[in-house]
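Asker: I have a structure here, written as structure tokens, and I will follow up with some questions on it.
Residue numbers (my numbering): 885 to 1199.
Written out as structure tokens, the structure reads:
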């Protein structure tokens, strides 16, 4: 039986968002229930089509605490992180996978800087300069193919940086995979035992860092736009391995959207104020042209009704 690994991270990311934006969110039990709902729905799909897959949850807090313990041994080194969701570091490389939507087809564009950040090359130059000759410890939440990490490692070395080691939160081991530097991991899986690894935030629209970053197109406001892993909002088959009949992925996606709506509704009630589209740190692709002053809940409800019922409104 293969594993479908899900990192539980919506609670920690929403907590940071609420603190920055002045909102009050539900307690930790709420997010545990949210995760359990997502896991149950995913498992139901795999079981329905006899995929012989088990959904496995890894807690973000486990990754955070165990990474802290590992880094305690490297207090004299310079920590560079490819992940802003979980780990503290001396320097964050703001690099992520970028996509573009062209005629309702999602096209991968490789890796680029996050919205508002400098080019990857400029960031790496700055990181090496700030390291000031110290050994660099590179950390990331996970590694699937290894391509991204090897690319960054090569560029750091080319800029004169010295890498002591790389630490991954989750490492998918592959035969003959070598990074050329010492490598550690907190959780590891052989590629034959794992079907996919997904961050929970990718399934909950409005979550910071969720989905894939969408390249801005002409005429669109410069907001942080995300393609979440939901029907009509992103590519569930290629990004999340959910290659099921349309009616099933529609149903799954609708439940995920309603979970997001429930969270934001409860947050509004606790906070005593509305959440506007401009308050959301990552705006779903479908809302990229909407009025930033519109209530996020109203906008997301409208998108949900349209994209689930009509293919023409998928993008």
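Where is the CB? At the ideal position from N, CA and C, for every residue including glycine.
Kindly indicate which residue of 932, 937, 970, 961 has the alpha-carbon position closest to the one of residue 949.
Answerer: Ranking the options by Cα distance to residue 949, first place goes to 970.
Asker: Assign residue 1071 to one of three DSSP states: helix, strand, or coil.
Answerer: Residue state, collapsed to three classes: strand.
Asker: Given this structure, state the Cα-to-Cα distance separating residue 1153 from residue 1049, to the nearest angstrom.
Answerer: Computed Cα separation, rounded: 46 Å.
Asker: Assign residue 1121 to buried or exposed, taking buried as 16 or more other Cβ atoms, counted over all protein chains shown, within 10 Å of its Cβ.
Answerer: Counting Cβ neighbours within 10 Å, residue 1121 comes out exposed, since fewer than 16 surround it.
Asker: Tell me, which residues are paired with residue 1168 by DSSP?
Answerer: For residue 1168, which the question treats as bridged, DSSP gives the partners 1110.
Asker: On the premise that residue 890 lies in contact with residue 1082, defined as a C-beta separation below 8 Å, what is that separation, rounded to the nearest angstrom?
Answerer: About 6 Å separates the two Cβ atoms, so the contact holds.
Asker: Who are the near neighbours of residue 1246 in its chain, counting only those whose CB is closer than 7 Å to its CB and skipping five residues on each side?
Answerer: Not covered by the structure: residue 1246. The range shown for the chain is 885 to 1199.
Asker: Report the residue ranges of all alpha helix (DSSP H) runs contained in full by the region 904-977; include only those spanning at least 4 residues, in chain order.
Answerer: 912-932, 944-955, all fully within the region 904-977.
Asker: Which word fits residue 1105, buried or exposed, when buried means at least 16 other C-beta atoms lie within 10 angstroms of its C-beta?
Answerer: Residue placement at residue 1105 cannot be trusted, given a pLDDT of 48 that sits under 50; the coordinates are not used to answer.
Asker: Is residue 888 near residue 915, with beta carbons less than 8 Å apart?
Answerer: The answer is no: Cβ separation not under 8 Å.
Asker: Can you list, in chain order, the residues of its chain whose CB lies under 7 Å from that of residue 990, leaving out five sequence neighbours each side?
Answerer: So the list reads 983, 1111, 1118, 1119, once near-sequence residues are dropped.
Asker: Contact between the region 902-914 and the region 1123-1141: three or more CB pairs below 8 Å?
Answerer: As far as the Cβ criterion goes, the region 902-914 does not touch the region 1123-1141, which means the pair count is below three.
Asker: Compute the beta-carbon to beta-carbon distance between residue 977 and residue 1008, rounded to the nearest angstrom, for a pair I have assumed lies under 8 Å.
Answerer: 7 Å between Cβ atoms; contact.
Asker: Reducing DSSP to helix, strand and coil, say where residue 894 ends up.
Answerer: Three-state result, residue 894: helix.
Asker: Would residue 918 and residue 894 be called neighbours here (beta carbons separated by less than 8 Å)?
Answerer: Yes, the Cβ-Cβ distance between residue 918 and residue 894 is below 8 Å.
Asker: I need the straight-line Cα distance from residue 886 to residue 1077, nearest angstrom please.
Answerer: Each residue's Cα considered, the two are about 5 Å apart.
Asker: Excluding the 5 residues flanking residue 1159 on each side, which residues of the same chain have their C-beta closer than 8 Å to its C-beta?
Answerer: 907, 1148, 1151, 1152, 1179, 1180, 1181, listed in sequence order.
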